[in-house]
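A.B. asks:
2 protein chains.
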Amino acid sequence: MPTLRLALAQVNPTVGDLSGNAAIVREWSRAAADSGAQLVAFPEMMLTGYPVEDLVFRESFVAASVAALERLAADLAADGLGDLPVVVGYLDADGPARISAEAEPDRGPRDALALLHGGRVAVKYYKHHLPNYGVFDEDRYFVPGDFLAVVRMAGVDVALTVCEDIWQAGGPFAIARQARVGLVVNINGSPYELDKDDVRLPLVARRAREAGAPVAYVNMVGGQDELVFDGDSMLVAADGTLLARSPQFGEHLLIHDLDLPAADPDAPEGDLGEMSVRRLVIDPVPAAPASPLDGGVADRVTDEAEVWQALVLGLRDYVRKNGFRSVVLGLSGGIDSSVVAAIAVDALGPDRVVGVSMPSQHSSEHSRDDAADLAKRTGLDYRIEPIQPMVDAFLSNMSLSGLAVENLQARVRGVILMALSNQEGHLVLTTGNKSELAVGYSTLYGDSVGGFNPLKDVPKTMVWTLARWRDAEAERRGAEPPIPENAISKPPSAELRPGQLDTDSLPDYNELDAILAGYVDGDKGRDDLIAEGHDATVVDKVLRMVDVAEYKRRQSAPGTKISIKAFGRDRRLPITNRWREPSDR
Amino acid sequence: MPTLRLALAQVNPTVGDLSGNAAIVREWSRAAADSGAQLVAFPEMMLTGYPVEDLVFRESFVAASVAALERLAADLAADGLGDLPVVVGYLDADGPARISAEAEPDRGPRDALALLHGGRVAVKYYKHHLPNYGVFDEDRYFVPGDFLAVVRMAGVDVALTVCEDIWQAGGPFAIARQARVGLVVNINGSPYELDKDDVRLPLVARRAREAGAPVAYVNMVGGQDELVFDGDSMLVAADGTLLARSPQFGEHLLIHDLDLPAADPDAPEGDLGEMSVRRLVIDPVPAAPASPLDGGVADRVTDEAEVWQALVLGLRDYVRKNGFRSVVLGLSGGIDSSVVAAIAVDALGPDRVVGVSMPSQHSSEHSRDDAADLAKRTGLDYRIEPIQPMVDAFLSNMSLSGLAVENLQARVRGVILMALSNQEGHLVLTTGNKSELAVGYSTLYGDSVGGFNPLKDVPKTMVWTLARWRDAEAERRGAEPPIPENAISKPPSAELRPGQLDTDSLPDYNELDAILAGYVDGDKGRDDLIAEGHDATVVDKVLRMVDVAEYKRRQSAPGTKISIKAFGRDRRLPITNRWREPSDR
Numbered sequence: 001m002p003t004l005r006l007a008l009a010q011v012n013p014t015v016g017d018l019s020g021n022a023a024i025v026r027e028w029s030r031a032a033a034d035s036g037a038q039l040v041a042f043p044e045m046m047l048t049g050y051p052v053e054d055l056v057f058r059e060s061f062v063a064a065s066v067a068a069l070e071r072l073a074a075d076l077a078a079d080g081l082g083d084l085p086v087v088v089g090y091l092d093a094d095g096p097a098r099i100s101a102e103a104e105p106d107r108g109p110r111d112a113l114a115l116l117h118g119g120r121v122a123v124k125y126y127k128h129h130l131p132n133y134g135v136f137d138e139d140r141y142f143v144p145g146d147f148l149a150v151v152r153m154a155g156v157d158v159a160l161t162v163c164e165d166i167w168q169a170g171g172p173f174a175i176a177r178q179a180r181v182g183l184v185v186n187i188n189g190s191p192y193e194l195d196k197d198d199v200r201l202p203l204v205a206r207r208a209r210e211a212g213a214p215v216a217y218v219n220m221v222g223g224q225d226e227l228v229f230d231g232d233s234m235l236v237a238a239d240g241t242l243l244a245r246s247p248q249f250g251e252h253l254l255i256h257d258l259d260l261p262a263a264d265p266d267a268p269e270g271d272l273g274e275m276s277v278r279r280l281v282i283d284p285v286p287a288a289p290a291s292p293l294d295g296g297v298a299d300r301v302t303d304e305a306e307v308w309q310a311l312v313l314g315l316r317d318y319v320r321k322n323g324f325r326s327v328v329l330g331l332s333g334g335i336d337s338s339v340v341a342a343i344a345v346d347a348l349g350p351d352r353v354v355g356v357s358m359p360s361q362h363s364s365e366h367s368r369d370d371a372a373d374l375a376k377r378t379g380l381d382y383r384i385e386p387i388q389p390m391v392d393a394f395l396s397n398m399s400l401s402g403l404a405v406e407n408l409q410a411r412v413r414g415v416i417l418m419a420l421s422n423q424e425g426h427l428v429l430t431t432g433n434k435s436e437l438a439v440g441y442s443t444l445y446g447d448s449v450g451g452f453n454p455l456k457d458v459p460k461t462m463v464w465t466l467a468r469w470r471d472a473e474a475e476r477r478g479a480e481p482p483i484p485e486n487a488i489s490k491p492p493s494a495e496l497r498p499g500q501l502d503t504d505s506l507p508d509y510n511e512l513d514a515i516l517a518g519y520v521d522g523d524k525g526r527d528d529l530i531a532e533g534h535d536a537t538v539v540d541k542v543l544r545m546v547d548v549a550e551y552k553r554r555q556s557a558p559g560t561k562i563s564i565k566a567f568g569r570d571r572r573l574p575i576t577n578r579w580r581e582p583s584d585r
Numbered sequence: 001m002p003t004l005r006l007a008l009a010q011v012n013p014t015v016g017d018l019s020g021n022a023a024i025v026r027e028w029s030r031a032a033a034d035s036g037a038q039l040v041a042f043p044e045m046m047l048t049g050y051p052v053e054d055l056v057f058r059e060s061f062v063a064a065s066v067a068a069l070e071r072l073a074a075d076l077a078a079d080g081l082g083d084l085p086v087v088v089g090y091l092d093a094d095g096p097a098r099i100s101a102e103a104e105p106d107r108g109p110r111d112a113l114a115l116l117h118g119g120r121v122a123v124k125y126y127k128h129h130l131p132n133y134g135v136f137d138e139d140r141y142f143v144p145g146d147f148l149a150v151v152r153m154a155g156v157d158v159a160l161t162v163c164e165d166i167w168q169a170g171g172p173f174a175i176a177r178q179a180r181v182g183l184v185v186n187i188n189g190s191p192y193e194l195d196k197d198d199v200r201l202p203l204v205a206r207r208a209r210e211a212g213a214p215v216a217y218v219n220m221v222g223g224q225d226e227l228v229f230d231g232d233s234m235l236v237a238a239d240g241t242l243l244a245r246s247p248q249f250g251e252h253l254l255i256h257d258l259d260l261p262a263a264d265p266d267a268p269e270g271d272l273g274e275m276s277v278r279r280l281v282i283d284p285v286p287a288a289p290a291s292p293l294d295g296g297v298a299d300r301v302t303d304e305a306e307v308w309q310a311l312v313l314g315l316r317d318y319v320r321k322n323g324f325r326s327v328v329l330g331l332s333g334g335i336d337s338s339v340v341a342a343i344a345v346d347a348l349g350p351d352r353v354v355g356v357s358m359p360s361q362h363s364s365e366h367s368r369d370d371a372a373d374l375a376k377r378t379g380l381d382y383r384i385e386p387i388q389p390m391v392d393a394f395l396s397n398m399s400l401s402g403l404a405v406e407n408l409q410a411r412v413r414g415v416i417l418m419a420l421s422n423q424e425g426h427l428v429l430t431t432g433n434k435s436e437l438a439v440g441y442s443t444l445y446g447d448s449v450g451g452f453n454p455l456k457d458v459p460k461t462m463v464w465t466l467a468r469w470r471d472a473e474a475e476r477r478g479a480e481p482p483i484p485e486n487a488i489s490k491p492p493s494a495e496l497r498p499g500q501l502d503t504d505s506l507p508d509y510n511e512l513d514a515i516l517a518g519y520v521d522g523d524k525g526r527d528d529l530i531a532e533g534h535d536a537t538v539v540d541k542v543l544r545m546v547d548v549a550e551y552k553r554r555q556s557a558p559g560t561k562i563s564i565k566a567f568g569r570d571r572r573l574p575i576t577n578r579w580r581e582p583s584d585r
């Protein structure tokens, strides 16, 4: 039985940075070769980054992707890596996109994979199953491939597949079994969702059994706008046993030796019904590595640690990949801005985080103290900018009352943060949590101002859980807990009028978050929620608030997605919409 | 040859307003019956409004749509209209949506049509061709239908189809020919685009020839968020001749008598290959109307009139359907705010439009004069709110310079408009044109503040053209031209620093708009644009500005779409993106 030393390169490409991404492939291919790997696999759309969305429609971008691929093949050979088969995702097209008048039915842009070998593009494969749900729009962009690529290397037949191919039964994995391959490689751009790692392993195991072959699953890592890719690359045996696994949220080269069946010289090729099989032989002779190597199985972390790492990585990459050096945020002394500050300091370090306390006449003494305490604990760059002079300038020139005055204070704070951003170059962070966003409990162009919001997809109750977890984690490591206990335990308030509390306007957050999980994430209706035991009056109130807040959500900053239905990319609703869950049927 | 009196109801439904939309069907069916019509057709998704986007995933919404349909059938009969066949679009489902774990391959939500007759839902049809490009996402939502519904009424076989069915060759229209139908009804939710009416007639004519039968094309009218439906309903003979046509941008009942071939008793049903045919007979006997009736062909209007009407209707419906009564906007005396004010006054009347002049120390005398002149000409509610006291309050408390001070002035204006909105209940209108939006020539949370932007998809050069057209139109009718000549002819300036002109930062607008049309609407690359004769330095500068302005566009207000690629729904790009058109290949 031949042994194949596999390298799975869990790396962090940047959308559109073709030369930077190619440089990553060359660097990590060198490392794989230095470890004696006989095959190295990089993620889906490695060369272009993922997802590239409507850049697919730009012919100059497609041409640049293909040119970068060919240049990469030559550069790898020039690096002395021509003998190492390198599997890499990229954007290709064999015809105009569907939006063109010249579009042909079975040709167009492709979510493609190439195997680079001997200085050339040896094999191409086009993703067969295209996801078109949640954050995915691939029916809009791509034409599905209709053949499976099988490459014989070191005496083993290896099938090459892309991402969604593994999420659906039938297609490439079923054909791989018919083609009697010894291994299936699956390259991914699979975004993080809470508990998705718990789904991924059983899925890969199921598909390994369907193919009757081990599966090498490699995923990208890093943030891209609202998505964060968590890695979690793995090797699974034909019977579904986990053999090796990378950690989440970090770059990692997983190297592992696999004993694989020798290629069957009589295995079929050509048309196999649903798809055809295209074969290429680059190396028919098994060549066992010198000494066996085991990639190991990385420890799983708790849900809280997983979410925290997702938020830290999502923010760090948004800042870095958009060319910012630092961030600024308002510090109210409350739980949301405290947690965002702690995430920002973990992501960027304290010297790249500016926290501004902007007290008004309604700000309590404890709020100011809590903000200062957080600043001291984290070591961030702390400023104080009282807002009353600016608020008074508006009040003395306009006739304002009630809500208009409350919102005015939040908007003056927004203007101050944006002025600091313009003056000093920081990215402004927004700090509203998912529960607030859901019900519209925020001021448009006020506390919603900002370029990125780490808590956009984090419900309020989870904000508290994360705060307690982060402080406990600090204690465990003997470090100072970043978030003041008082910021966690005090009742939340916007402090825009005397004695104001969130509970004046909203139900208890435990109940609110449970209703939101059903209505927003679960698409449940009013009757379902009441049947689950929620009070009808509260359900009606929350549903109305969510329905009318769509416009505010549309105007909100991007933020890392961690749930099934984050606001933003994967939830599309009309703003103008008279539909309300019926309460009188 | 039997004669059929057809009624095409070009009406304006509201998304989610099931009972209001049903009331429209009852009212217009009554009018059709009063005119002796033997068949009345309403637009696609008439009962729910269109598009309903992710409401499709809410089972309670689907159930409400189906219940409303059945209630409508009964109500029509109770109204004494049970004998009149009524064709109406609605949302149906014969299985869970694709996002559900229980999803089945060929079942799910349907973009459906029903024929109501005798108090019952007599026939259903499910849209076969699903558009998934531009503003359309229907592969995300719907399962395509696989049968054609053919109904015999007044001795004629009538095939029933929905929208995209007419935009693609093959499918329902090809099957209609095989089924030897006498007429094809096609109900639509077809959004306006400049010159789309010029495309529509040849398309309907082509499909009529493909079916070998006349086509009755009915489209909705009205605004829905960024879309505006223009109507343009029509009847086209089997040879492609236009028989009758409704005007654009207004509700209209088109009633027309058609001589049609008698139904062929031997016409096939059941499986016809690509689709099957389901037949229903509700009235086999021809019944000619008493005296012939011709719907007439409405006059076409100029491109300028078409765009103006689209912008007026888009704004009016956004305000009305979202429950606002009035709007407020800043009046700088410049061309953009002047044109938006004129659109708003045409849409809502002068007493529902508040215009606020917010001069700073950099505002020229002529700007203040032009704003006042526009207010006088249009009769809108005019206010003056100097911004210097508020700007000074920020400047005396913070250390700001350069761009931060320029932006501060725009942001203070945004705070004033939002305060007026909160205090008095107006919707804030944004006034930045498409050219500005494209290159990011605006202040985030400053002049970009607002709930709706009529010029979002209108390039600057078209803003001038529209202004001149609107003034000439007023002169032609003997009314006062709303837009001061000086606002049209003076060089544009943001007036945020002394002597500032747009041309300090931007190329001439004629050149800018030509480059933007190629890069944004046409997805052309740098080399294509230079080959068209544009200067390479200018192309590079404009392309860089467009590439980095994505975040600002993401934060901008909705606005009526009039072009192939409006910013917003039909253009999706990553914010984090390092790709720049290569300038050194």
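Protein chains in written order, with the UniProt record's numbering: chain A, 1 to 585; chain B, 1 to 585.
Every residue, glycine too, gets a C-beta built ideally from N, C-alpha and C.
Pull out every residue of the region 98-109 of chain B whose Cβ sits closer than 8 Å to any Cβ of chain A, in chain order.
C.D. replies: Along the region 98-109 of chain B, the positions whose C-beta sits under 8 Å from a C-beta of chain A are R98, I99, read in chain order.
A.B. asks: How many angstroms separate the CA atom of Y318 (chain A) from the CA atom of G478 (chain B)?
C.D. replies: Here residue 318 (chain A) refers to the residue found at position 318 of the first sequence. Here residue 478 (chain B) refers to the residue found at position 478 of the second sequence. Computed Cα separation, rounded: 57 Å.
A.B. asks: If you drop the 5 nearest sequence neighbours on each side, which residues of the same chain put their C-beta closer than 6 Å to that of D312 (chain B)?
C.D. replies: In the second sequence, residue 312 (chain B) corresponds to position 312, counting from 1. Reading the sequence as shown, one finds Val at residue 312 (chain B) and not Asp. Here the set comprises I343, D346, A347.
A.B. asks: I need the boundaries of the beta strand (DSSP E) containing Q224 (chain B), first residue and last residue.
C.D. replies: For the purposes of this step, residue 224 (chain B) is taken as the residue at position 224 of the second sequence. Note, Q224 (chain B): beta strand (DSSP E), 221-224.
A.B. asks: I'd like to know whether the C-beta of E53 (chain A) is nearer than 7 Å to at least one C-beta of chain B.
C.D. replies: What you label residue 53 (chain A) is simply residue 53 of the first sequence in a count that begins at 1. It does; some Cβ of chain B falls within 7 Å.
A.B. asks: Please tell me whether R200 (chain B) has its Cβ less than 7 Å away from any Cβ of chain A.
C.D. replies: Taking the second sequence and counting its residues from 1, one reaches residue 200 (chain B) at position 200. No - not a single Cβ of chain A is within 7 Å of the one on R200 (chain B).
A.B. asks: Is there at least one non-hydrogen atom of the ligand MG closer than 6 Å to the beta-carbon of P96 (chain A)?
C.D. replies: As for the ligand MG, it is missing from this structure, which has no ligand bound.
A.B. asks: Check whether the Cβ of M1 (chain A) lies closer than 7 Å to any Cβ atom in chain B.
C.D. replies: For the purposes of this step, residue 1 (chain A) is taken as residue 1 along the first sequence, with counting starting at 1. Closer than 7 Å: no.
A.B. asks: Mind listing the chain A neighbours of R411 (chain B)? Cutoff is C-beta to C-beta under 9 Å, in chain order.
C.D. replies: The residue given as residue 411 (chain B) occupies position 411 in the second sequence. Per Cβ cutoff of 9 Å: R411, G414, V415, M418, A419, Y445.
A.B. asks: So, at 6 Å on beta carbons, what are the nonlocal neighbours of M1 (chain B) in its own chain, with the 5 sequence-adjacent residues on each side left out?
C.D. replies: In the second sequence, the residue the question calls residue 1 (chain B) occupies position 1. The residues are D259.
A.B. asks: Does any CB atom of chain B fall closer than 7 Å to the CB of A566 (chain A)?
C.D. replies: In the first sequence, residue 566 (chain A) corresponds to position 566, counting from 1. Not one chain B Cβ lies under 7 Å of A566 (chain A).
A.B. asks: Under 7 Å Cβ to Cβ from V539 (chain B), same chain only, skipping five residues before and after it: list those, please.
C.D. replies: Taking the second sequence and counting its residues from 1, the one referred to as residue 539 (chain B) is at position 539. Around V539 (chain B): I515, R526, L529, I530.
A.B. asks: Where do the N-terminal and C-terminal ends of the beta strand (DSSP E) with L39 (chain A) fall, by residue?
C.D. replies: For the purposes of this step, residue 39 (chain A) is identified with residue 39 of the first sequence, where counting begins at 1. Note, L39 (chain A): beta strand (DSSP E), 39-41.
A.B. asks: How is the alpha helix (DSSP H) around residue 591 (chain B) delimited, first residue to last?
C.D. replies: Lying before the first or after the last residue shown, residue 591 (chain B) is absent from chain B, which here runs from 1 to 585.
A.B. asks: Any chance you could list the beta strand (DSSP E) runs of at least 3 consecutive residues sitting entirely within the region 238-290 of chain A, in chain order?
C.D. replies: Qualifying beta strand (DSSP E) stretches, in chain order: 242-245, 252-259, 276-281.
A.B. asks: Quick one: grab the DSSP three-state call for R572 (chain B).
C.D. replies: Looking up residue 572 (chain B) in the second sequence gives position 572. DSSP places R572 (chain B) in coil when its eight states are reduced to three.
A.B. asks: Are the region 69-77 of chain B and the region 20-37 of chain B in contact at 8 Å, needing three or more beta carbon pairs?
C.D. replies: yes
A.B. asks: Which residue wins for smallest C-alpha separation from G559 (chain A), given the options A:M545, A:G432, A:T461?
C.D. replies: The count along the first sequence starts at 1 and reaches residue 559 (chain A) at position 559. The candidate whose alpha carbon is nearest that of G559 (chain A) is A:G432.
A.B. asks: So who's on the other strand from R110 (chain A), going by DSSP bridges?
C.D. replies: Counting from one through the first sequence, the residue named residue 110 (chain A) turns up at place 110. According to DSSP, R110 (chain A) bridges with A:D92.
A.B. asks: In chain order, which beta strand (DSSP E) runs of at least 3 residues are fully inside the region 147-188 of chain B?
C.D. replies: 147-153, 156-162, 183-188
A.B. asks: Near R585 (chain B), which residues of its chain fall below 7 Å by C-beta distance, leaving aside the five closest residues on each side in sequence?
C.D. replies: In the second sequence, counting from the first residue as 1, residue 585 (chain B) sits at position 585. Note that R585 (chain B) scores 43 on pLDDT, short of 50, meaning its location in the model is unreliable; the coordinates nonetheless yield the value given after this. The answer is none, since no qualifying residue turns up.
A.B. asks: Taking only beta carbons into account, state which residues of the region 317-332 of chain A come closer than 8 Å to chain B, listed in chain order.
C.D. replies: D317, Y318, K321, N322
A.B. asks: When the distance is taken between beta carbons, is L235 (chain A) closer than 7 Å to A244 (chain A)?
C.D. replies: If you number the first sequence from 1, residue 244 (chain A) lands on position 244. If you number the first sequence from 1, residue 235 (chain A) lands on position 235. In contact: A244 (chain A) and L235 (chain A) (Cβ atoms closer than 7 Å).
A.B. asks: Quick check on L115 (chain A): buried or exposed, where buried means 16 or more other Cβ atoms within 10 Å of its Cβ?
C.D. replies: What you label residue 115 (chain A) is simply residue 115 of the first sequence in a count that begins at 1. When all chains shown are included, L115 (chain A) counts as buried.
A.B. asks: What residues in the region 445-478 of chain A have a beta carbon less than 8 Å from any beta carbon of chain B?
C.D. replies: Y445, V449, G451
A.B. asks: Where does P350 (chain B) sit, in a helix, a strand or coil, going by DSSP?
C.D. replies: Here the question's residue 350 (chain B) lines up with position 350 in the second sequence. Helix, per DSSP.
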